[in-house]
Amino acid sequence: MADLNTQTPAHGEITRDLVVGGASIGLAIVGAVAHITQGGRLHDDFGAEPGPALLPELLLTALLVVGGLLVLRGFLAKRSERTEHAAQPVATALAHPDPSEADMPARALSVLLTTIVFALLQTVFGFGVTAVLLGATLCAALGWSEQRALLRSAFEGGAIAGILYLTFRYLLSVPLT
Amino acid sequence: MLDVFFSTLTDPVALGLCLAGVTAGLLFGAVPGVSSTMALAVMLPLTYGMSPENAMMLMLGVFFSSVYAGSVSAILLNIPGTPGAMMTLLDGHPMARNGQAGYAMTYALVASIVGGIFGWFFLTTTAPFIAQYALKFGSPEYAAVVFFGLILVAYAASGDILRGIVAGIIGLMIGAIGRDVVTDVPRFTFGMPSLESGIDIIPLAIGLFGISEALSSIEKTPSKLQVATAPLGRLMPPWRDILRELPAMLRASTVGALVGAIPAAGSAVAVAVAYSFEKRLSSTPEKFGTGLARGVVAPEASNNACVGGALIPMMTLGIPGDSITAVLIGVLLLHGLRPGPGLFDSQPEFVSTIYVALLFAIVLTALIAGTLGIRVYNRVLQLPRRMLFTGVILLCLLGAFAVRNSFFDVWVAILSGGLGYGFTKLGIPVLPLAFGAVLGPILEENLRRTLMIYKDWTIFFERPISLALITIALLVLLGPLLVRAVQFVRARR
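As you go down the protein sequences, you meet chains F and V in turn. First residue of the first sequence? That's 2 in our numbering, and the numbers climb one at a time after it. First residue of the second sequence? That's 7 in our numbering, and the numbers climb one at a time after it.
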């Protein structure tokens, strides 16, 4: 995904079409396998009622078709891009974004991974302790990029988590354990 | 409606909730990276223990005020706080650079209130008629309305309709997960018992609009978001200057209310149309973009009139007008209410509550933003991002858990947050996914009922309303392809 940000806009769009199209076809196939192998009465005849299989089958077919169209569009655009490059072989380096202005998906992904670890840890430590740990970790990580003292940021994050936990647990009576 | 108005006026809890919602919306909306939808998703868990009426007082307070507050960072930082403020910065920030930030914010506030009141009138006068008409809809019309809404959102949510359709289909598939309501047969459950009760729309919306947007903001380099705010300068422009802008405010409000009422069009479209309309009408169009008050009032009146407009399809047809009303539908479903024409028939008092809640939200926004807001915004914008996004993510997780006191919903929020973020990176709009998940069960119910009663797909083309809706949807879907084909043939010649 990071590569998409450093490609030329047109090339990035082609790659996106190919990735999204391929993923759609893959999802349609996985969905079709899950749908066909789903037990119970899913594929029974329900008489006048079209049955619960109708919508999934329509959706999987549509996903396969649209995925195919995206892949086709990606390939066609790639071919025409190659032809244009052959005709005019000047590099389009200027279209590349300035690295100092680029987004930092690694930071977002690390926050997402931290949250997933939190979801796994809460089964061991419970919601309260893990929420405080998550708050401290997130705030410290985000504060680090703002050049803040690590411990101070961690304390702020832990405090935010603690206040929110207490609000939900005791003010809103959510049975957090 | 007067009964509800006076009972709300004397109900301190309802008033307090509306005030809290307005305050939260004014704060959230002003912060870059926090959209109105994220503000609603974050505030949503607080409504769990409330009555549906009180929940709407809080949520509509957040909705209206956050739409206005999006103009604050547009004017002071040159960053739109919400998508609806993307045109405000074109003239708002130049005004701020010229030492007229206070003037720009007052113009934005007055225009927002005028737009809000116009949208409210439009909602209260139009919605009952549409609902009355929609009561005559049969299942083919309903299925066609949902199909129309989904195609429109796939088209409007991004420049690329194919990727929008992919998102819409995935949303419909998510809506189909779980036991079928008619036959009790499980679908797409992969043998997991926790999936049999389906994916709840609330944790999905929290993930898609809360966690995903937070992740997208977190990845931005600090230099992009930490910009020095402009000094406010004097706050109040002369009244005669404000009154001179009133016709422009009314024109933009009309555009906003009409565009808002189109499913999926949203405030971003409304402000773009209103701004270009005013520019076209102006005798000095070259001055737009240099710090013209009209360039602030047009988009601000338009995006706040959009609020009333967007509530029309939600209340009368059960179809979200935009991402914000998609979350509001989640709130209604959470409280056991199903939006649609039946709501006007079975719960007229609740409909009045929505009208009254929006009116109070407008009035309180004017009062709070007018007296305190503008002066304290410079401080709000200094709120450290580490604390803001830590709080947002924690609120999302706690809120997702509180839906059904189930950790499965926390997983849904985290995974849909990751999915929404991945979609953004791949250029896939997130909104059609949310629409699909909300509308999937309605589409399926009406599609199957139609086929059971009429036993033939051609019925969709025999009934005038469904035929018209399907034709428009197909034109939207195939129009760009036809245009390209014509261009290709012409180029070959």
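A virtual CB, placed ideally from N, CA and C, is assigned to each residue, including glycine.
DSSP-derived helix/strand/coil call for V175/F: coil
Taking only beta-carbon positions, decide if E58/F is within less than 8 Å of chain V. It does not: the Cβ of E58/F has no partner Cβ on chain V nearer than 8 Å.
Buried versus exposed call for P244/V [16 or more other C-beta atoms within 10 Å across all chains shown]: Exposed: under 16 other Cβ atoms inside 10 Å.
Let me know if A150/F comes out buried or exposed under the rule of 16 or more other beta-carbons within 10 Å of its beta-carbon. Within a 10 Å sphere around the beta-carbon of A150/F sit fewer than 16 other beta-carbons, which makes this residue exposed.
Could you tell me the boundaries of the alpha helix (DSSP H) in which F128/V lies? Residues A107 to A140.
Which residues DSSP lists as bridging R500/V, in chain order: Lying outside 7 to 499, the shown extent of chain V, residue 500/V is not represented and no answer is given.
Tell me whether D9/V is buried or exposed, calling it buried when 16 or more other Cβ atoms sit within 10 Å of its Cβ. exposed
Interface residues of chain F facing L178/V [CB-CB closer than 8 Å]: L56 and L60
Can you tell me which of the three DSSP states V37/V falls into? coil
Would you check whether the ligand NAD has a heavy atom nearer than 7 Å to the C-beta of D206/V? This structure simply doesn't include the ligand NAD, nor any ligand for that matter.
DSSP on W145/F, reduced to helix/strand/coil? The three-state reading of DSSP puts W145/F in helix, counting H, G and I together.
Where do the ends of the alpha helix (DSSP H) carrying L487/V lie? P470 to R498
Run the CB neighbour count on K461/V, radius 10 Å, all protein chains shown included, and call it buried at 16 or more, exposed below. Looking at its Cβ environment, which holds fewer than 16 other Cβ atoms inside 10 Å, K461/V is exposed.
Round the Cβ separation of A6/V and V302/V to the nearest angstrom and send it over; I've been treating them as touching at under 8 Å. What the structure shows of chain V is the stretch from 7 to 499, and residue 6/V is not part of that stretch, so it cannot be assessed.
List the residues of chain V that A150/F touches, going by C-beta distances under 8 Å, in chain order. Correct list: empty, because the minimum Cβ distance to chain V is about 12 Å.
Would you say T189/V faces chain F, with C-beta separation under 8 Å as the test? yes
Please list the partners that G136/F has in chain V, where partner means a Cβ-to-Cβ separation under 9 Å. T396, G397, I399 and L400
Under a CB-based cut-off of 8 Å, is V263/F close to chain V? The structure shown has nothing for residue 263/F, since chain F only spans 2 to 178.
Is it true that the CB of A316/V sits closer than 8 Å to the CB of G327/V? Yes, the pair counts as a contact, with Cβ atoms nearer than the cut-off.
Quick check on S352/V: buried or exposed, where buried means 16 or more other Cβ atoms within 10 Å of its Cβ? By the 10 Å Cβ count, S352/V comes out exposed.
Helix, strand or coil at R455/V [DSSP, three-state]: helix
Determine contact between the region 417 to 436 of chain V and the region 131 to 146 of chain V, defined as no fewer than three beta-carbon pairs at a distance below 8 Å. no
Where K226/V sits in the DSSP three-state scheme: coil
So I420/V contacts chain F; which residues on that side make the cut at Cβ distance below 9 Å? Under the 9 Å cutoff, chain F gives L113, T116, I117, F119 and A120.
CB contact check: E50/F to chain V, cutoff 8 Å: E50/F has a beta carbon lying within less than 8 Å of a beta carbon in chain V.
Cβ shell of F169/F (< 8 Å), same chain only, five flanking positions each side left out: These residues qualify, in order along the chain: V175 and L177.
Using only CA atoms, which one of Q493/V, L483/V and F494/V lies nearest to Y161/V? L483/V
Taking L83/V as the reference, which of P209/V, H99/V, T112/V and F69/V has the closest Cα? H99/V
Once DSSP output is grouped into helix, strand and coil, what is the label at W245/V? helix
Whole-angstrom distance between L65/F and D18/F, CA atom to CA atom: 14 Å
Identify which residue in T131/F, G41/F, G158/F and E50/F has its Cα closest to the Cα of V191/V. G41/F
For Y148/V and P447/V, what's the separation of their Cα atoms in angstroms? 12 Å
Rounded to whole angstroms, what's the CA-CA distance from F366/V to T296/V? Just pull it up for me. Near 35 Å, if we compare the C-alpha coordinates of T296/V and F366/V.
Hey, does A11/F have any beta-carbon neighbour from chain V nearer than 8 Å? No, no contact with chain V.
Simplified DSSP assignment, three categories, for K285/V: Residue state, collapsed to three classes: helix.
Can you give the Cα-Cα distance for I171/V and I459/V, rounded to whole angstroms? 28 Å
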